[in-house]
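Below: the structure, in structure tokens.
Protein chains in written order, with the working numbering: chain A, 6 to 200; chain G, 7 to 155.
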């Protein structure tokens with residue numbers, strides 16, 4: 006019987022502690038958000054480091070995340086296409102050397118059986134396919150690079166000229182405000198400050 | 007700070023785009039396009055000697071040092087069993103001819119089979135070093151034809 010009583014008291018105590026902790030947690034989060042809001046100068050530096058970071062710290066989460074994802078996706082696409090291009094270009098250069106030297110390197114007459122116009126034509130067609138593939142990869146990587154550069158430039162422009170300074174707007178909100186009000190049908194002035 | 011970033015950004019972008027400039031050229035076939043192949047190729051089975059006589063002509067002999075005879079057992083030439091023979095023509099003035107020894111390359115008891123022939127010139131000059139040029143038209147010959155009444 007005593008055990009049941011102790012368990013009930015312990016359970017109620019825990020519930021009380023948790024319920025009292027919720028407002029404190031919410032307050033902590035608000036404090037954290039205020040502390041996380043950086044000055045406009047720092048936001049520009051963050052945006053210069055990677056697009057979207059400045060906007061996110063300024064409170065423009067959707068815009069910041071969009072820029073971050075856009076930039077990251079463009080860069081991943083660019084790096085992938087660039088690496089593919091470099092790898093395929095090495096193979097292309099090697100085959101191009103074989104093609105260019107096909108006419109004149111072999112010393113012996115017998116080997117000329119492996120150096121025929123048909124081989125040259127086959128290699129030429131293969132090289133043309135490789136060249137088309139390289140052209141496509143070149144277009145893809147340049148497009149990805151231009152998109153990444155565009156997102157980066159817009160992000161900087163946005164951080165410098167468009168996004169408002171949260172800390173300044175917070176400061177403005179925290180300043181003492183003077184407002185005209187009607188009190189009991191008489192005009193008056195109200196001083197207010199947000200804490 | 008703003009001015010420095012605004013000044014540097016386009017420079018960085020331009021440098022990146024320049025760094026990714028296209029650095030491959032399309033291949034050209036012009037070196038090999040100048041080569042000519044033999045013409046007027048004819049192949050006929052000679053039952054008396056059990057060989058196939060092949061003859062051809064070549065109008066432009068510049069750079070030509072030899073000819074290569076290619077033989078296939080398929081009408082789609084390269085899909086068959088292709089063999090190449092140096093003809094070792096005794097002189098390069100023409101007319102040109104060579105023989106294909108049936109008993110050696112086809113067999114003793116094989117009858118009524120078709121072989122396909124084509125001839126290519128071998129070039130040796132400043133550009134080409136024993137390079138086998140384009141093929142002539144493909145001709146065929148029936149070997150040991152069985153007579154039907």
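Don't be surprised by glycine CBs; every beta carbon is placed ideally from N, CA and C. Treat the numbers as computed from the prediction; the structure is a model and nothing was measured.
**Request:** Give the range of the alpha helix (DSSP H) segment to which residue 77/A is assigned.
**Result:** For the purposes of this step, residue 77/A is taken as the residue at position 72 of the first chain. Membership of residue 77/A in the alpha helix (DSSP H) is indicated by the continuous run 66-106.
**Asked** Taking C-alpha atoms, which residue in 43/G, 56/G and 20/G lies nearest to residue 148/G?
**Response** Translated into positions along the second chain, residue 148/G becomes position 142. Nearest of 43/G, 56/G and 20/G to residue 148/G, Cα basis: 56/G.
**Request:** Ignore the nearest five residues each way along the sequence and tell me which others in residue 192/A's own chain have a CB closer than 7 Å to its CB.
**Result:** Walking along the first chain from the start, residue 192/A turns up at place 187. Only 185 meet the Cβ criterion.
**Prompt:** Which residues in chain G sit within 8 Å of residue 104/A, going by Cβ to Cβ distance?
**Reply:** Here residue 104/A corresponds to residue number 99 of the first chain, with the count starting at 1. Contact annotation for residue 104/A against chain G: 33 [CB-CB distance below 8 Å, chain order].
**Request:** To the nearest angstrom, report how far apart residue 30/A and residue 93/A are at their CA atoms.
**Result:** Looking up residue 30/A in the first chain gives position 25. Looking up residue 93/A in the first chain gives position 88. Here residue 30/A scores only 47 on pLDDT, less than 50, and its place in the model should not be relied on; the value that follows carries that caveat. If I take the Cα positions, the gap works out to 56 Å.
**First through last residue of the beta strand (DSSP E) which encompasses residue 127/G** = The sequence position of residue 127/G within the second chain is 121, counting from 1. Under the DSSP assignment, residue 127/G falls in the beta strand (DSSP E) whose first and last residues are 119-130.
**Prompt:** Based on the DSSP output, what are the partners of residue 189/A in its beta bridges?
**Reply:** For the purposes of this step, residue 189/A is taken as residue 184 along the first chain, with counting starting at 1. Bridge partners of residue 189/A: none, in fact.
**Message:** Taking CB distances under 8 Å as the criterion, tell me whether residue 193/A reaches chain G.
**Reply:** Position 188 of the first chain holds residue 193/A. Residue 193/A does not count as touching chain G.
**Prompt:** Hey, is the stretch 22-39 of chain G in contact with the stretch 109-129 of chain G, meaning 3+ C-beta pairs nearer than 8 Å?
**Reply:** As far as the Cβ criterion goes, the stretch 22-39 of chain G does not touch the stretch 109-129 of chain G, which means the pair count is below three.
**Item:** Rounded distance between the beta-carbons of residue 135/A and residue 100/A, thought under 8 Å
**Value:** Indexing the first chain from 1 puts residue 100/A at position 95. Indexing the first chain from 1 puts residue 135/A at position 130. About 7 Å; that satisfies the 8 Å criterion.
**Item:** Any C-beta of chain G under 8 Å from that of residue 101/A
**Value:** Translated into the one-based positions of the first chain, residue 101/A becomes position 96. It does; some Cβ of chain G falls within 8 Å.
**Prompt:** Secondary structure at residue 167/A, three-state DSSP: helix, strand or coil?
**Reply:** Start at 1 with the first residue of the first chain, and residue 167/A comes out as number 162. Looking at residue 167/A - three-state DSSP - the assignment turns out to be helix.
**Message:** Strictly under 8 Å for the Cβ-Cβ distance: is residue 114/A near chain G by that measure?
**Reply:** Locating residue 114/A in the first chain gives position 109, where the first residue counts as 1. Per-residue confidence for residue 114/A stands at a pLDDT of 48, beneath the threshold of 50, marking its modelled position as unreliable; the derived number appears in the next sentence. For residue 114/A, at least one C-beta of chain G is nearer than 8 Å to its own C-beta.
**Asked** What number of angstroms, rounded off, separates the C-alpha of residue 120/A from the C-alpha of residue 127/A?
**Response** In the first chain, counting from the first residue as 1, residue 120/A sits at position 115. In the first chain, counting from the first residue as 1, residue 127/A sits at position 122. The C-alpha of residue 127/A is placed about 11 Å away from the C-alpha of residue 120/A.
**Asked** For residue 194/A, which residues from the same chain have a beta carbon less than 8 Å from its beta carbon, with the 5 sequence-adjacent residues on both sides left out?
**Response** Along the first chain, read from residue 1 onward, the residue named residue 194/A stands at position 189. Excluding residues within five positions, the ones whose Cβ falls inside 8 Å are 183, 184, 185 and 186.
**Message:** Can you tell me whether residue 113/G is buried or exposed? The criterion is at least 16 other CB atoms within 10 Å of its CB, across all chains shown.
**Reply:** Here residue 113/G refers to the residue found at position 107 when the second chain is read from its first residue. With fewer than 16 other Cβ atoms within 10 Å, it is exposed.
**Prompt:** For residue 156/A versus residue 61/A, is the C-beta spacing smaller than 8 Å?
**Reply:** Residue mapping note: residue 156/A aligns to position 151 of the first chain, counting from 1. Residue mapping note: residue 61/A aligns to position 56 of the first chain, counting from 1. A distance of 8 Å or more separates the beta carbons of residue 156/A and residue 61/A.
**Request:** Give every residue of the same chain whose Cβ lies closer than 6 Å to the Cβ of residue 135/G, excluding the five residues on either side of it in the sequence, and list them in chain order.
**Result:** The residue you call residue 135/G lines up with position 129 of the second chain. The answer is none, since no qualifying residue turns up.
**Asked** In chain order, what residues of the stretch 118-132 of chain A put their CB closer than 8 Å to some CB of chain G?
**Response** Correct list: 118, 120, 121, 122, 123, 125, 126, 129 and 132.
**Item:** Residues within the stretch 136-153 of chain G neighbouring chain A, beta-carbon criterion of under 8 Å
**Value:** Residues 136, 137, 138, 139, 140 and 141.
**Item:** N- and C-terminal bounds of the alpha helix (DSSP H) containing residue 103/G
**Value:** Translated into positions along the second chain, residue 103/G becomes position 97. Not the alpha helix (DSSP H): residue 103/G falls in the beta strand (DSSP E), residues 102-107.
**Prompt:** Would the stretch 97-115 of chain G and the stretch 49-68 of chain G be scored as touching if the rule is three or more Cβ pairs under 8 Å?
**Reply:** A contact exists between the stretch 97-115 of chain G and the stretch 49-68 of chain G.
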